[in-house]
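To keep things clear, I will list the structure first and then write my remarks on it.
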């Protein structure tokens with residue numbers, strides 16, 4: 004991976020629909036050269052997928068939260084597998100530090116968040132501690 008690949012990645016991160024033509028003009032390379040590089044980045048798993056960014060408020064999501072979760076160590080992977088299947092869980096990572104699992108959860112409102120935490124997270128086997136933090140405003144991400 005070189006500087007041109009890095010610039011291609013930056014452009015695609017800003018807008019994954021950026022055309023090869025636009026990138027070729029901006030980087031002063033041929034479209035075929037850009038296409039070849041993007042395909043190589045995909046084949047090498049540098050680019051995992053092309054995606055979109057959703058404005059949650061436009062789809063009725065008014066409660067976003069970060070939830071730290073602690074579970075019994077032997078139940079960690081099972082909990083992760085179950086949690087990843089819930090559509091409310093937008094991202095999930097295992098972590099070292101304050102919590103074993105960190106999640107971003109989107110719900111319609113606070114009441115739906117409470118129900119999700121108590122009914123779905125709280126019922127998981129091995130859960131020891133649930134620490135939700137409501138997101139007030141996102142500045143980057």
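In my numbering, the protein residues as written are 4 to 144.
In this text, a Cβ means the ideal position worked out from N, Cα and C, and glycines have one as well.
Thinking just about the alpha-carbon of each residue, which of the options is nearest to the one in residue i?
i, options, result
"residue 16", "128, 34, 56 and 30", "56"
"residue 6", "32, 22 and 19", "32"
"residue 65", "109, 122 and 8", "109"
"residue 93", "76, 106 and 26", "106"
"residue 135", "78, 62 and 72", "72"
"residue 142", "58, 14 and 98", "58"
"residue 138", "60, 74 and 86", "60"
Taking the C-alpha atoms as reference points, what is the distance between residue i and residue j?
i, j, result
"residue 104", "residue 34", "42 Å"
"residue 96", "residue 42", "28 Å"
"residue 40", "residue 18", "17 Å"
"residue 129", "residue 123", "13 Å"
"residue 36", "residue 44", "12 Å"
"residue 117", "residue 126", "13 Å"
"residue 144", "residue 120", "24 Å"
"residue 30", "residue 22", "12 Å"
"residue 113", "residue 49", "37 Å"
"residue 11", "residue 26", "7 Å"
"residue 69", "residue 82", "17 Å"
"residue 14", "residue 8", "10 Å"
"residue 90", "residue 38", "33 Å"
"residue 99", "residue 78", "16 Å"
"residue 46", "residue 131", "41 Å"
"residue 4", "residue 28", "20 Å"
Can you look up residue i in the DSSP assignment and give me helix, strand or coil?
i, result
"residue 20", "coil"
Strictly by DSSP, which residues pair up with residue i?
i, result
"residue 73", "132"
"residue 96", "105"
"residue 137", "68"
"residue 117", "Partner(s): none; residue 117 has no beta bridge."
* Pick out the complete beta strand (DSSP E) segments inside the region 36–76, 3 residues or longer, and give them in chain order. => 66–74
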